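**Q**
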Amino acid sequence: MKHFFFALMILAGLLARPAAAQEAATPVEYSERVTTENISQQVLQARVLDWAQSKFTFGPQTGLQSDPVAGTVRLNGTVLLKPLAANGKEQEVTAQFEFIFQSTDQGYTYSVGSFRVMPDKKTPTVLVPLDEYLTQLRADKAIERTKNDRRITAQANARANDVALSFRSYMNSMPSIEDGNVGIAASEQ
1 MKHFFFALMI LAGLLARPAA AQEAATPVEY SERVTTENIS QQVLQARVLD
51 WAQSKFTFGP QTGLQSDPVA GTVRLNGTVL LKPLAANGKE QEVTAQFEFI
101 FQSTDQGYTY SVGSFRVMPD KKTPTVLVPL DEYLTQLRAD KAIERTKNDR
151 RITAQANARA NDVALSFRSY MNSMPSIEDG NVGIAASEQ
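Numbering-wise (UniProt numbering), the sequence shown opens with residue 1 and increments by one.
1. Check R17 in the structure and name its three-state DSSP category.
2. In angstroms with no decimal places, state the Cα-to-Cα distance between L44 and V128.
3. If you run the structure through DSSP and keep just helix, strand and coil, what is L137?
4. Give every residue of the same chain whose Cβ lies closer than 7 Å to the Cβ of I143, excluding the five residues on either side of it in the sequence, and list them in chain order.
5. Would you report the Cα separation of K122 and L84, rounded to the nearest angstrom?
6. Using the beta-carbon count (16 or more within 10 Å), is G63 buried or exposed?
7. Helix, strand or coil: how does DSSP classify V48 here?
8. Which runs of the beta strand (DSSP E) spanning at least 3 residues fall entirely within the segment 98–127, listed in chain order?
9. How many whole angstroms separate the CB atoms of L130 and R116, which I take to be in contact at a CB cut-off of 8 Å?
10. Report, in whole angstroms, the separation of the C-beta atoms of G77 and F101, which I expect to be a contact under 8 Å.
11. Tell me which same chain residues have a C-beta within less than 7 Å of the C-beta of R47, skipping the five on either side of it?
12. On the CB-based measure, 16 or more other CB atoms within 10 Å of its CB, does Q65 come out buried or exposed?
13. From the DSSP secondary-structure annotation, give me the bridge partner or partners of A95.
14. For T146, does the count of other Cβ atoms within 10 angstroms reach 16, so buried, or fall short, so exposed?
15. When you compare the CB positions of S111 and E29, do they come within less than 8 Å of one another, or not?
16. Quick check: L80 and T94, are their CB atoms within less than 8 Å of each other?
17. Which whole-angstrom value describes the C-beta separation of K89 and Q155, a residue pair presumed to lie in contact below a C-beta threshold of 8 Å?
18. Hey, T109 and S31 are a contact pair by Cβ (cut 8 Å); roughly how many whole angstroms apart?
19. Under a three-way DSSP split, which group does E144 fall into?
20. Any idea what DSSP makes of A186, helix, strand or coil?
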């Protein structure tokens, strides 16, 4: 009976290790390809610019760049991440991410990623890539208690999904254009 429990504990330990190793190597990013019908690249470009300029709530935003010929829009947004201090209290660190949009006449792709963390508020120009910041957190003595590496990865993934959800919701609310009537389905006339 002792040997059975001992073998079971070893097996559980071995199975837990690969999951932790995979977690560390997974980048924080959300991307999607959306196909559209009867919507030109110019209409999509105008729609995403409207979202970026009036509906983007992940600010302050910086570096808004639009190239109508290529059908691209890029911008950097800001979110807060909350690691735990050694005493168990939440701290706030600022992180920036990059939003990239590319449109064609067949649809569009967008991605949220390239997270960079500002580890020290006293030096706001110093940004560290998220994977380097996670490595720093793993070296902390209190990592067993705080689990900050997992906590920050989960929060960054959640923020990437929030940005994507906000964008996709806005793009899905685009008025329908059918038979020259905007917002009215042809069958309702």
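Beta carbons are placed, not taken as given, at the ideal position from N, Cα and C, and that holds for glycine.
Every value quoted in this text rests on a predicted model; they were computed, and no experiment measured them.
**A** Taking the structure as given:
1. On the sequence shown, residue 17 is found 17 positions in, with the first residue counted as 1. For R17, the predicted structure reports a pLDDT of 49, less than 50, and the residue's modelled location is therefore unreliable. A value from the coordinates is still provided. R17 falls in the helix class under three-state DSSP.
2. Residue numbering aside, residue 44 sits at position 44 when the sequence shown is read from its first letter. Residue numbering aside, residue 128 sits at position 128 when the sequence shown is read from its first letter. Near 33 Å, if we compare the C-alpha coordinates of V128 and L44.
3. As a working mapping, residue 137 is identified with position 137 in the sequence shown. Helix, per DSSP.
4. On the sequence shown, position 143 is the one that residue 143 refers to. Within the same chain, I143 has close Cβ partners L137 and D149.
5. As a working note, residue 122 is residue 122 in the sequence shown. As a working note, residue 84 is residue 84 in the sequence shown. When rounded, the distance between both Cα atoms is 19 Å.
6. Start at 1 with the first residue of the sequence shown, and residue 63 comes out as number 63. Answer is exposed; the Cβ neighbour count stays below 16.
7. As a first step, residue 48 must be located in the sequence shown, where it is residue number 48. In this structure, V48 counts as helix in the three-state DSSP scheme.
8. 107–118
9. Stepping through the sequence shown from its first residue, residue 130 is reached at position 130. Stepping through the sequence shown from its first residue, residue 116 is reached at position 116. Indeed they touch by this definition, with Cβ atoms about 7 Å apart.
10. Here residue 77 refers to the residue found at position 77 when the sequence shown is read from its first residue. Here residue 101 refers to the residue found at position 101 when the sequence shown is read from its first residue. No, G77 and F101 are not in contact; Cβ-Cβ is about 13 Å, not under 8 Å.
11. Counted from its first residue, the sequence shown places residue 47 at position 47. Within the same chain, R47 has close Cβ partners M171 and M174.
12. Reading the sequence shown from its first residue, position 65 is the one you call residue 65. Result: exposed.
13. As a first step, residue 95 must be located in the sequence shown, where it is residue number 95. Looking at the DSSP assignment, A95 forms a beta bridge with V79 and V117.
14. Residue numbering aside, residue 146 sits at position 146 when the sequence shown is read from its first letter. Flag for T146 reads buried.
15. The sequence position of residue 111 within the sequence shown is 111, counting from 1. The sequence position of residue 29 within the sequence shown is 29, counting from 1. Contact: yes.
16. Residue mapping note: residue 80 aligns to position 80 of the sequence shown, counting from 1. Residue mapping note: residue 94 aligns to position 94 of the sequence shown, counting from 1. In this structure, T94 lies closer than 8 Å to L80 by Cβ.
17. Walking along the sequence shown from the start, residue 89 turns up at place 89. Walking along the sequence shown from the start, residue 155 turns up at place 155. With 8 Å as the limit, K89 and Q155 do not qualify as a contact, their Cβ atoms being about 16 Å apart.
18. Here residue 109 is taken as the residue at index 109 of the sequence shown, counted from 1. Here residue 31 is taken as the residue at index 31 of the sequence shown, counted from 1. Confirmed, about 7 Å.
19. Counting from 1 along the sequence shown, the entry for residue 144 is found at position 144. E144 falls in the helix class under three-state DSSP.
20. Along the sequence shown, read from residue 1 onward, the residue named residue 186 stands at position 186. Caution applies to A186, whose pLDDT of 48 falls short of 50 and renders its modelled position unreliable; the value that the coordinates give is listed next. Residue state, collapsed to three classes: helix.
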